[in-house]
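This report concerns only the one structure given below.
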Amino acid sequence: DTEVTQTPKHLVMGMTNKKSLKCEQHMGHRAMYWYKQKAKKPPELMFVYSYEKLSINESVPSRFSPECPNSSLLNLHLHALQPEDSALYLCASSHIAGGGYNEQFFGPGTRLTVL
Amino acid sequence: EDQVTQSPEALRLQEGESSSLNCSYTVSGLRGLFWYRQDPGKGPEFLFTLYSAGEEKEKERLKATLTKKESFLHITAPKPEDSATYLCAVLANAGGTSYGKLTFGQGTILTVHP
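First to last, the sequence lines map onto chains A and B.
Per our numbering, the first sequence starts with residue 5, numbered consecutively.
Per our numbering, the second sequence starts with residue 67, numbered consecutively.
Here is the structure:
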């Protein structure tokens, strides 16, 4: 099973709201990722978790706060977002981060709209 | 800095008309090259991993090849359902470790007409 699940599928929020995106995988992967994708652009890496520890933060604004409660779950907490943060947010996982067999498997994404 | 360039940006084919997509890369130390397919509004779907020059992988109508400077995704006798954006990404060394950061190309939008 190479499935990564994400909830919700769609999210509309105001600039003062607090919301969370959730991601889950049951492939035994020890690396999990958050990406942001704007229309007609490739995915852009935001965060990498390796063995439940944050290993990469690509200079993401603090209004995005990642959390990895355990090896299967990854959250992205959102607060005081701007309209330009509207995008498709993708979660991915891989066996490990950076080693061989690092195929990253992506979830279906959460379409976020900030009003 | 690692760079990945895909060409063409867009490709329109008739059903059954075979063609190739190109992915050129410049990296400090290639750990792997990955091909993904992405349908509109969905997450990328993993297709292939290539690790070393000369390697080839096949899946149905798709065949991926790798040289020291580029990769090709060959599509044989495409069907309309092959229409999608095809993304190439590389995993490279950075000071001895890559930490899992993929560098993506801009993608090729493939449209196959019946």
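From the three backbone atoms N, C-alpha and C, an ideal C-beta is built for every residue, glycine too.
Predicted, not measured: the structure shown is a model, and the values here were computed from it.
Asked	Found
According to DSSP, is B/Glu-83 part of a helix, a strand, or is it coil?	coil
Helix, strand or coil for A/Glu-88, going by three-state DSSP, please let me know.	helix
How about A/His-30 and A/Ser-76: are their beta carbons less than 9 Å apart?	yes
Skipping 5 residues on each side, what residues in its chain have a beta carbon closer than 7 Å to that of B/Val-178?	Leu-79, Glu-81, Pro-144, Lys-145, Pro-146, Asp-148, Ser-149
Taking only runs of the beta strand (DSSP E) that begin and end inside the segment 7-94 of chain A, which ones reach a length of at least 3 residues, in chain order?	8-11, 14-17, 22-29, 35-41, 48-54, 57-61, 68-74, 77-83
From which residue to which residue does the beta strand (DSSP E) around A/Arg-115 run?	114-118
Compare the C-beta of B/Arg-127 with all C-beta atoms of chain A and state if any pair is closer than 9 Å.	no
Could you work out which residues of chain A lie near B/Phe-170, taking near to mean beta carbons separated by less than 7 Å?	Pro-46, Pro-47
How about A/Leu-92 and A/Lys-40: do their beta carbons lie closer than 9 Å?	yes
Does DSSP classify B/Glu-122 as helix, strand or coil?	strand
How would you write the range of the beta strand (DSSP E) that B/Gly-98 sits in, first residue to last?	96-104
Could you tell me whether any Cβ in chain B is nearer than 9 Å to the Cβ of A/Phe-68?	no
Cβ of A/Leu-80 within 9 Å of Cβ of A/Ser-69?	yes
When you check each C-beta in the segment 22-40 of chain A against every C-beta of chain B, which residues fall closer than 8 Å?	Ala-35, Tyr-37
Since A/Asn-21 and B/Gly-166 are thought to touch, with beta carbons under 8 Å apart, how far apart are those beta carbons, to the nearest angstrom?	With 8 Å as the limit, A/Asn-21 and B/Gly-166 do not qualify as a contact, their Cβ atoms being about 31 Å apart.
Could you check if B/Gln-69 is buried or exposed, using at least 16 other CB atoms within 10 Å of its CB as the buried criterion?	exposed
Just tell me which of B/Tyr-117, B/Ala-155, B/Cys-89, B/Leu-113 has its CA closest to the CA of A/Pro-47.	B/Ala-155
Could you tell me which residues DSSP pairs with B/Glu-136 in its beta bridges?	B/Ser-90
Excluding sequence positions up to five away, which residues of its chain have a Cβ less than 8 Å from the Cβ of B/Gly-162?	Because B/Gly-162 sits at a pLDDT of 49, beneath the cut-off of 50, its placement in the model cannot be relied upon, and the point is left open.
Tell me, to the nearest whole angstrom, how far the beta carbon of A/Leu-116 is from that of A/Leu-49; I am working on the premise that it is less than 8 Å.	So it is not a contact: roughly 17 Å between Cβ atoms.
What residues in the segment 76-90 of chain A have a beta carbon less than 8 Å from any beta carbon of chain B?	none
Look at the alpha carbon of A/Ser-54 and the alpha carbon of B/Arg-103, and state the distance between them as a whole number of angstroms.	25 Å
Which chain B residues sit within Cβ distance under 9 Å of A/Asn-106?	Arg-97, Gly-98, Phe-100, Thr-115, Leu-157, Ser-164, Gly-166, Leu-168
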